[in-house]
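A short worksheet on the structure shown next.
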Amino acid sequence: RECKAEPRWNGGHSFPHLIAAGLLLRRLLAPAPSPPVRSPTFRSLSTMPSAAGSRATPDHGNLLMLGIETSCDDTAAAVVRGDGEILSQVVSSQEDLLVRWGGVAPKMAEEAHLLAIDRVVQKALDNANVSESDLSAVAVTVGPGLSLCLRVGVHKARKIAKSFHLPIVGVHHMEAQALVSRFRCDNTKIAISLMLV
C-alpha cells in the first residue's frame, strides 16, 4: 500500500485539512454522486463550473481547496490539493477561554472566532503561497457544531466565494474525519472500521 506522509500536527483540537480532505474524498472516491446538499448556497464539486482560466478542471490533482473549520472552540483553515498534498494548516486555539470558563462558552467562542478568522485564513493562504484567485472551491464545516461558531466560518466562506466566484461545499466534519484515512492511501479498497462520538 502506498500512503501519503502523515500530516504534521501543530496542536489544537481542529483538523482543518480534514474538511478539505473530506470534500475531495466525497468527490474522488465515492462510487455514486454525492447526495444533494440542503442549502442552494452550497454546491457539490460535480457541479463546479469550468470558468475561463479553468480553476475547475477534469484533472482532480489540479483542484486547490481552502478548508475552513469553526464548529466549536478553535478557528482553523487549511489549503489542500486534489492529489492529497496538504499545503498549509493553521489553528488558532481558544485554550485560554476554555480554562477561564471551565469549558466552551458558545458566545465567547463565537467572538474569538470573529477576531481570528480573517488572520487564520490569510495565514493559511500565505503559508501555501496561494491567493483566493488560485482556489477551485471553498469547503466549510456546516455541522455538527455550535451554531454561533459555525456561522462565523460559513460567513467567511461565503464572502470569499462571492468575491472570487467560487463554489462553496458544505462539509459534515465527522464525515471528513471518517474519510481521512482513505485520503492518505492510494489503495481505496482498504477496509476501515471506526466509531465517531
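Numbering (mature numbering (1 follows the signal peptide of the UniProt record, and there is no 0)), first residue to last: -31 to -1, 1 to 166.
Ideal Cβ placement from N, Cα and C applies to all residues, glycine included.
Under the three-state DSSP convention, the category residue i falls into
| i | result |
| --- | --- |
| GLN91 | helix |
| ALA147 | helix |
| ILE129 | helix |
| VAL99 | coil |
| VAL121 | helix |
| LEU67 | helix |
Heavy atom of the ligand GTP within 7 Å of residue i beta-carbon
| i | result |
| --- | --- |
| PRO75 | No copy of the ligand GTP appears in this structure; indeed no ligand is present at all. |
Residues bridged to residue i (per DSSP)
| i | result |
| --- | --- |
| ALA106 | MET34 |
| HIS82 | DSSP output for HIS82 lists no bridge partner at all. |
Span separating the alpha-carbon of residue i from that of residue j
| i | j | result |
| --- | --- | --- |
| SER40 | PHE133 | 24 Å |
| ALA74 | VAL89 | 21 Å |
| ALA126 | TRP70 | 28 Å |
| ALA85 | ALA145 | 23 Å |
| ASP95 | VAL166 | 34 Å |
Environment of residue i [buried if 16+ CB atoms lie within 10 Å]
| i | result |
| --- | --- |
| VAL68 | exposed |
| GLY139 | buried |
| GLU38 | buried |
| ILE137 | buried |
| LEU148 | buried |
Closest residue to residue i among the options (Cα-Cα distance)
| i | options | result |
| --- | --- | --- |
| ASP87 | GLY114, GLY122, VAL109, MET34 | GLY122 |
| ASP43 | SER162, GLU80, GLU144, ILE161 | GLU80 |
| GLY114 | ASP52, MET143, ALA47, SER57 | MET143 |
| ALA78 | VAL59, ALA45, GLU54 | ALA45 |
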